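Asker:
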Amino acid sequence: MLFSMTGFGEAQRETNDIRIAFRLRSVNNKGLDIQLKLPYDLSYLESAFRSQCKGKLFRGRIDVYVEFEVKNPELAPPVRMNPARLNQLLALSDQALATEKVQGRLDINTLVQMPDLFQEQRVGFKYPEHINSIILNTFSDALDCLIESRAEEGAHLLRDIQSRVQTLHEEKNKVRLFVENRAENIKSAMLERLHKLNEDVGVDENRLTQELVFYADRLDVSEELTRLAAHIQTMKTLLEAEKRPKGRELEFLLQEQFREVTTIGNKVKLIEAADRIVKLKTECEKIKEQVYNVE
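Following this line, the structure appears as structure tokens:
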């Protein structure tokens, strides 16, 4: 099973007391980066939100958007009057009356409309535990929705990567077969050429052996092919495993595969093998692009 780092999740809940909605978006990132856009009222729950994310996600940038509305006035933060502001307003009212150009006095309806006279006491405020449970459970649902979205995208990635890994395996076998056949062809061609030069002269076996060893060394990529095969098999096993996360391990395996393919290409500088080497490098690059999306 494979999980993408790209996804979207949302959840909302409405009761007689509150309405809460979460929208989560995730994109690629080297580590886990959680960006919370919380209203001030819910800032005390930030550590709980982060803890939930870290318990269910491993990599990716997670942007969390929140819509929150308190429907029950009894749950709203307490409101307190600013005495200094009230005294200032009353003093100004008395000054205005003293000019005899203004009649009447400030009433409560006018006072409640004055800015800064009544203030919500938000510092240290927390909602009751049953409200916190609703909020956190809704966030957990949004996280599960996000994970499901990442799993769906991961399934598409898995099919594509597995197909390309199989192509790597097949192309690797073609290179191995070509190199083995090429070594035998070189030996046969050298023997034939020597016999044509002088059929009456015996073949210098020592000289022939030296030449064969020289060409064999240039073409010997058996170790590179063996390591490449091992990396491919390890990648197949990792892709099928249930463990999370896998992205960084896959990136490492790709680096090792590309190193072996490059070495093979440098040693087997033959036109007949060029297409196979290019195909191997191309598939490695395409897998690399997909693996960058894997958690």
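Residues in the sequence shown are numbered consecutively from 394, following this note's numbering. Yeah, the Cβ is synthetic: ideal placement off N, Cα and C, and Gly gets one too. Note that the structure is predicted; figures quoted are calculated from it, not measured.
With C-beta atoms as the reference, is E688 less than 9 Å away from R637?
Answerer: Closer than 9 Å, so yes.
Asker: Considering E377, what are the terminal residues of the beta strand (DSSP E) in which it resides?
Answerer: The chain is shown only over 394 to 688; residue 377 falls outside these bounds and no answer can be derived.
Asker: Enumerate in chain order the residues of its own chain whose CB-to-CB distance from E642 is below 8 Å, with the five nearest sequence positions on each side excluded.
Answerer: These residues qualify, in order along the chain: L631.
Asker: What does the alpha-carbon distance come out to for the pair N591 and R569?
Answerer: Its pLDDT being 48, under 50, N591 is placed unreliably by the model, and the measurement read from it follows with that caveat. For N591 and R569, the distance between alpha carbons rounds to 34 Å.
Asker: Measure the CB-CB distance between L450 and L431 and report whether it falls below 9 Å.
Answerer: Cβ atoms of L450 and L431: not closer than 9 Å.
Asker: Closer than 7 Å by C-beta to Q683: which residues in its own chain qualify, once you throw out the five before and the five after it? Chain order, please.
Answerer: Answer for Q683: L550, D553, I554, listed in chain order.
Asker: Under a Cβ-count criterion, where at least 16 other Cβ atoms within 10 Å of its own Cβ denotes burial, should F532 be classed as buried or exposed?
Answerer: Label assigned to F532: buried.
Asker: Would you kindly work out how many angstroms separate the C-alpha atoms of F461 and A414, rounded to a whole number?
Answerer: Distance between the alpha carbons of F461 and A414 is about 7 Å.
Asker: For G658 versus L646, is the C-beta spacing smaller than 9 Å?
Answerer: Not a contact, by the Cβ cut-off of 9 Å.
Asker: According to DSSP, which residues form a beta bridge with L431?
Answerer: Paired residue(s): none; L431 is not in a bridge.
Asker: Mapping DSSP to helix, strand and coil, what is N591?
Answerer: Residue confidence is low: N591 scores 48 on pLDDT, short of 50, so the model does not pin down where it sits. No coordinate-derived value is stated.
Asker: Quick check on DSSP: helix, strand or coil for G424?
Answerer: Of the three classes helix, strand and coil, the one that applies to G424 here is coil, per DSSP.
Asker: Measuring only the C-alpha atoms, how far is E617 from K629?
Answerer: Those two C-alpha atoms are separated by around 18 Å.
Asker: At a cut-off of 8 Å, would you count A667 as near the ligand ZN, judging by its Cβ distance to the nearest heavy atom?
Answerer: Of the ligands one can find in the structure shown there are none, so the ligand ZN has no counterpart to examine.
Asker: According to DSSP, which residues form a beta bridge with S397?
Answerer: Answer is V687, bridged to S397.
Asker: Quick check on this structure: which residue in S419, G400, I625, G402 has the alpha carbon closest to the alpha carbon of E564?
Answerer: Taking only the C-alpha atoms, the option nearest E564 is I625.
Asker: Under 9 Å between the Cβ atoms of E653 and R620?
Answerer: Cβ distance < 9 Å, so E653 and R620 count as in contact.
Asker: Given this structure, state the Cα-to-Cα distance separating E439 from L429, to the nearest angstrom.
Answerer: The straight-line gap from Cα to Cα measures roughly 8 Å.
Asker: Straight-line CA distance for E678 to T655?
Answerer: For E678 and T655, the distance between alpha carbons rounds to 12 Å.
Asker: So the beta strand (DSSP E) R454 belongs to, where does it begin and stop?
Answerer: Counting along the chain, the beta strand (DSSP E) containing R454 begins and ends at 453–463.
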